[in-house]
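Okay, so here's the structure we're looking at.
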Amino acid sequence: MSEQEMTAKKRIFSGIQPTGVFTLGNYIGAVRNWGALQDAYESIYCIVDLHAITVMQEPAKLRANTMRAYALMLACGIDPKKSVAFIQSHNPNHAELSWVLSCSTMFGELNRMTQFKDKSARHADNINAGLFTYPVLMAADILAYNADLVPIGADQKQHLELARNIAVRFNQRFGDTFTVPEPYMPKTGARLMSLQDPTKKMSKSDENVNACVFILDDKDTILRKFRRAVTDSESEVCYREGKDGINNLMTIYGCVTGKTMDEITAEFAGKGYGDFKTAVGEAVADHLAPVRSEFERLSADKAYLNECIAIGSEQAYRMTRKILSKVYRRVGFTDRK
Ligand code: TYM
């Protein structure tokens, strides 16, 4: 891409944690949109390993999971020739900016973050300072690139709102420095729910293995998880308040087939939930099959992955250094001679 093309396009930034195989929620809510947006925007995508250590990680596992997450990101359609694709800890500018921004973030703001409250309840033996300041690092990720748009699922909206507030506050105090980013959420699928408790978000960390579909699950596993999905005592496939399980399955089916809710209702009129669940499982498995095979192909080519990671980190570093220097001047740090 030429320099001119790059500056004419708006910028996108997003990230994902390397804490396990991506879920169907990660994929539909965020990652598949990253690929779809990379032609229209100058895109920067990263595996956020710094964020991952806010909960206990086994070092060897984190290293392996980070490499796998990078390969998965490419398998989901991110083309390192079109997008900057890298690993967060390879660009020290994120952590540097995070410190400066933490001095423009109020304790009370962080204390209101629902994800902090959820995670501290789940990890009561490890409520570390990083878990608390996690959203500041996320703001630094985004603001370091002056991103215009951030494709995320609904659960990250509060963090994005905080990043916007930090940007506005910094700009007011030190002069126009940061672009105030907008969230980009899909119209449907921004919050996929657990297959076992459809009032809860589908999450990697769910203890019930049937609650969550992982994008590398094989077809039989996917079918089994959907067949066991919790629904309700009625038998009509229609999108209606109170039918959380069916609503979630219809959303998933719509996202992978492109069908509207009315079309789905018509397709399954007179059929039972059993047929519907099997159809959703089949459609998801078919949709994910190319991602799985692309992941296998990429995983076998470590040299290619390492080369992409090195190029991505270098690009990310260069893009952020200029912004960081500007920030340092604005806050009054002396020049490094
Ligand atoms: P993470 O790793 O938890 O999730 C990655 C993306 O997947 C979305 N997502 C979902 N979407 C729909 N339904 C679900 N059930 C579901 N579960 C997860 C998330 O909203 C997210 O977009 N803090 C972020 C990572 C991050 C980041 C950033 C994102 C770090 N820095 C800067 C954007 C910009 C996180 O933990 O996402």
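Counted from 1, the sequence shown has number 76 at position 93 by this note's numbering; the numbering is strictly sequential. Cβ atoms here follow ideal geometry from the backbone N, Cα and C, with glycine treated the same way.
Report all residues from its chain with a CB closer than 7 Å to the CB of Pro166; omit the five preceding and five following residues, and keep chain order. In the sequence shown, the residue the question calls residue 166 occupies position 183. Result list for Pro166: Val133, Ile135, Lys140 and Leu143, in chain order.
Ignore the nearest five residues each way along the sequence and tell me which others in Lys202's own chain have a CB closer than 7 Å to its CB. In the sequence shown, the residue the question calls residue 202 occupies position 219. Once the five neighbours on either side are set aside, the close Cβ partners of Lys202 are Ala268.
Is the distance from the Cβ of Gly264 to the Cβ of Phe209 below 8 Å? Numbered from 1 along the sequence shown, position 281 holds the residue referred to as residue 264. Numbered from 1 along the sequence shown, position 226 holds the residue referred to as residue 209. In this structure, Phe209 lies closer than 8 Å to Gly264 by Cβ.
Is any non-hydrogen atom of the ligand TYM found closer than 7 Å to the C-beta of Ala13, if you look at the structure I gave you? In the sequence shown, residue 13 corresponds to position 30, counting from 1. Yes, Cβ of Ala13 sits closer than 7 Å to a heavy atom of the ligand TYM.
Do the CB positions of Ala127 and Ile(-5) come within less than 8 Å of each other? As a first step, residue 127 must be located in the sequence shown, where it is residue number 144. As a first step, residue -5 must be located in the sequence shown, where it is residue number 12. No.
With contact counted as at least three CB pairs below 8 Å, one residue from each stretch, are the stretch 290 to 300 and the stretch 71 to 78 in contact? yes
On a Cα-Cα basis, can you pick out the residue from Leu57, Gly172 and Pro42 that is closest to Ile(-1)? Translated into positions along the sequence shown, residue -1 becomes position 16. Ile(-1) has its Cα closest to that of Leu57, out of Leu57, Gly172 and Pro42.
In angstroms with no decimal places, state the Cα-to-Cα distance between Pro63 and Met244. Counted from its first residue, the sequence shown places residue 63 at position 80. Counted from its first residue, the sequence shown places residue 244 at position 261. Near 35 Å, if we compare the C-alpha coordinates of Met244 and Pro63.
Within the stretch -3 to 54, ranges of the alpha helix (DSSP H) (whole runs, at least 4 residues): 15 to 20 and 32 to 35
Cβ of Asn289 versus every heavy atom of the ligand TYM: is any distance shorter than 7 Å? Counting from one through the sequence shown, the residue named residue 289 turns up at place 306. Here the distance from the Cβ of Asn289 to the nearest heavy atom of the ligand TYM is not below 7 Å.
Could you round the C-beta distance between Leu7 and Leu175 to whole angstroms and report it? I think they count as a contact, below 8 Å. For the purposes of this step, residue 7 is taken as the residue at position 24 of the sequence shown. For the purposes of this step, residue 175 is taken as the residue at position 192 of the sequence shown. With 8 Å as the limit, Leu7 and Leu175 qualify as a contact, their Cβ atoms being about 6 Å apart.
What did DSSP end up calling Tyr256 once you bin it into helix, strand or coil? Position 273 of the sequence shown, counted from the start, is the residue given in the question as residue 256. Three-state result, Tyr256: helix.
Is it a yes or a no for the stretch 84 to 91 touching the stretch 114 to 128, going by three-plus beta-carbon pairs under 8 Å? yes
Out of Ser216, Ala212, Pro181 and Thr248, which one is the CA nearest neighbour of Asn193? Taking the sequence shown and counting its residues from 1, the one referred to as residue 193 is at position 210. For Asn193, the nearest C-alpha among the options comes from Ala212.
Which residues in the same chain as Gly113 place their Cβ atom closer than 6 Å to its Cβ, once the five residues preceding and following it in sequence are excluded? Position 130 of the sequence shown holds residue 113. Excluding residues within five positions, the ones whose Cβ falls inside 6 Å are Thr37.
Using a Cβ-based criterion (distance less than 7 Å to any ligand heavy atom), does His106 qualify as near the ligand TYM? Against the sequence shown, residue 106 aligns to sequence position 123. His106: no, Cβ never under 7 Å from the ligand TYM.
From the DSSP output, read off the bridge partner residues of Val133. Position 150 of the sequence shown, counting from 1, holds the residue named residue 133. Paired residues: Pro166.
For the ligand TYM, I want to know if Arg(-6) counts as a neighbour, meaning its beta carbon is within less than 7 Å of at least one of the ligand's heavy atoms. The residue given as residue -6 occupies position 11 in the sequence shown. Incorrect: Arg(-6) has no Cβ contact closer than 7 Å to the ligand TYM.
With a threshold of 16 other CB atoms inside 10 Å of the CB of Thr97, please say whether the residue is buried or exposed. Your numbering for residue 97 matches position 114 in the sequence shown. Under this definition Thr97 is an exposed residue.
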